[in-house]
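Residue numbers (mature numbering (1 follows the signal peptide of the UniProt record, and there is no 0)): -23 to -1, 1 to 448.
What follows is one structure encoded as structure tokens, with my remarks underneath.
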């Protein structure tokens, strides 16, 4: 018998013929047309039909395996993307918690400084209060009838002075009028005595008066000092209480509604999501591996059957036979080209968008060829950062170990930026500054978190409320 070698395409055409006939004559004609051969006495149409019927099961199995493989490949890719998204979300949650912990650490350091300062203020106040009590006791009571201490000593000195003055005046009245030398001599001697007593009384009164004045001044100054120290201590108490609350629940440190516990919960949930996405990717990898094995097995069996039936095996023809004719319809929106690049189609002609595209509230950037971009992009002199998903980033972004800040417009910030009540400084490159740096002739210091140090001392250098080093 003469054998006819069928190609895959011809054999597949014959499949359609097999399913379309209903009578022997028409059946034979269709088979002949499908095979493209002339039937002679040596060639039996039934033999060709048997070949086709023998091939159909393995072709169907291969097609099914191919469909499963394509679906598994797509599912595995989706699982990879989900894992990448989960990992990014976890990374963001870890950063948020770490930033919060850094702020908490700064608050704890500030609390320690205030606590130490309050202890010094209270110790000084205790010392000054004790000295004030001593000075008050030494000064005594000033009220008439209750006078004591220096006030009483002043009264006594005054009384002695008045007595001495009276004695001197009395002595002056005794001055002899005649020329009695002996009387004059005695008068002068007595006069010197009472004048000496008067001089001592005057000095004693002056000393007592000066002591009262000095003590009054010291008491007044000490009283003002103690009151000021009391106010300072109260201010420090309020500051320490506020820092204690901030350290406890994040009040004043974190965004409204956020707490350290909530940030920890978010981090843990994102970590769990990474685990779930990892499991799903593992399952997808396993399914893809199985699909590849099943496909290879189906392909080998199909090749063997084609060889057995003496039909040339062309894989592309076999697989394409299961592919429906494409419709003349363009998919609007996101499309992935044959190179794996994402593009955005804007009309039925397949026109690709370029530049900025807002899709469901998220901005993306496509280059002149219409390919979606990731990483750093410079547009009209302004730098922007696109995430791995292509979405425009805002807020804080860490790239190659360096932090940058993107405004709400997506534009990379430089210079001073205030975020959640804290000042940061971004260099001209956009990189977040830490440590000491100079801006406009002034020196500033930023912690490792990038937060500007204010109203504190860093390494022995004092910075004011604006963060400027006070020389």
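Note that the Cβ used here is the ideal one computed from N, Cα and C, for glycine as well.
Being a predicted model, the structure only gives us computed values, none of them experimental.
Among 372, 370 and 315, the one whose alpha carbon lies nearest that of residue 348: 315
Whole-Å CB distance - residue 199 paired with residue 426, under 8 Å assumed: About 44 Å separates the two Cβ atoms, so there is no contact after all.
State buried or exposed for residue 456, treating a residue as buried only when at least 16 other CB atoms are found within 10 Å of its CB. No statement about residue 456 is possible, as the shown extent of the chain runs from -23 to 448 and does not include it.
State buried or exposed for residue 285, treating a residue as buried only when at least 16 other CB atoms are found within 10 Å of its CB. exposed
For residue 393, which residues of its own chain have a beta-carbon under 7 Å away from its beta-carbon, when the five flanking residues on both sides are left out? 400 and 402
In chain order, what residues of the same chain lie with their CB nearer than 8 Å to the CB of residue 149, ignoring the 5 residues before and after it? 168
Cut-off 8 Å between Cβ atoms - residues of its own chain near residue 374, not counting five sequence neighbours on either side: The beta carbon of residue 374 is closer than 8 Å to those of 362, 380, 381, 382 and 383 in its chain, skipping five residues each way along the sequence.
In the DSSP assignment, the beta strand (DSSP E) including residue 314 goes from what residue to what residue? It is not in any beta strand (DSSP E) - residue 314 carries neither H nor E in the DSSP assignment.
Rounded C-alpha distance that separates residue 135 from residue 164: One C-alpha to the other measures close to 26 Å.
Would residue 49 and residue 265 qualify as a contact pair, given that the criterion is a beta-carbon distance under 8 Å? Contact annotation: residue 49 and residue 265 have beta-carbon atoms nearer than 8 Å.
Just confirm the distance between the C-beta atoms of residue 354 and residue 206, as a whole number of angstroms; I'd bet it's less than 8 Å. The C-beta separation of residue 354 from residue 206 comes to about 59 Å, leaving the pair out of contact by the 8 Å criterion.
Which value, in whole angstroms, describes the spacing of the CA atoms of residue 232 and residue 55? 34 Å
Quick one, which of 86, 123 and 121 has its alpha-carbon nearest residue 221's? 86
Which parts of the region 347 to 388 are runs of the beta strand (DSSP E), unbroken and 3 residues or longer, counting only runs that do not cross its ends? Runs of the beta strand (DSSP E) inside the region 347 to 388: 352 to 356, 359 to 363, 372 to 376 and 379 to 383.
Excluding the 5 residues preceding and the 5 following residue 92 in the sequence, name in chain order all residues of the same chain whose CB lies nearer than 7 Å to its CB. 217
Cβ of residue 271 within 8 Å of Cβ of residue 411? Using a Cβ distance threshold of 8 Å, residue 271 and residue 411 do not count as a contacting pair.
Excluding the five sequence neighbours on either side, which residues of its own chain have a C-beta within less than 8 Å of the C-beta of residue 440, listed in chain order? 421, 422, 430, 431, 432, 433, 434, 446 and 447
Secondary structure of residue 336, DSSP reduced to three states: The three-state secondary structure of residue 336, taken from DSSP, is strand.
Quick check on DSSP: helix, strand or coil for residue 157? coil
On the criterion of 16 or more Cβ atoms from any shown chain inside 10 Å, does residue 157 qualify as buried, or is it exposed? exposed
Minimum length 4: unbroken alpha helix (DSSP H) runs contained in the region 206 to 265: none
Out of 94, 342 and 377, state which residue places its alpha-carbon closest to the alpha-carbon of residue 211. 94
Does the region 275 to 285 touch the region 104 to 119, meaning 3 or more C-beta pairs lie closer than 8 Å? The answer is no - the region 275 to 285 does not touch the region 104 to 119, with fewer than three Cβ pairs under 8 Å.
Distance CB(residue 247)-CB(residue 370) smaller than 8 Å: Not closer than 8 Å, so no.
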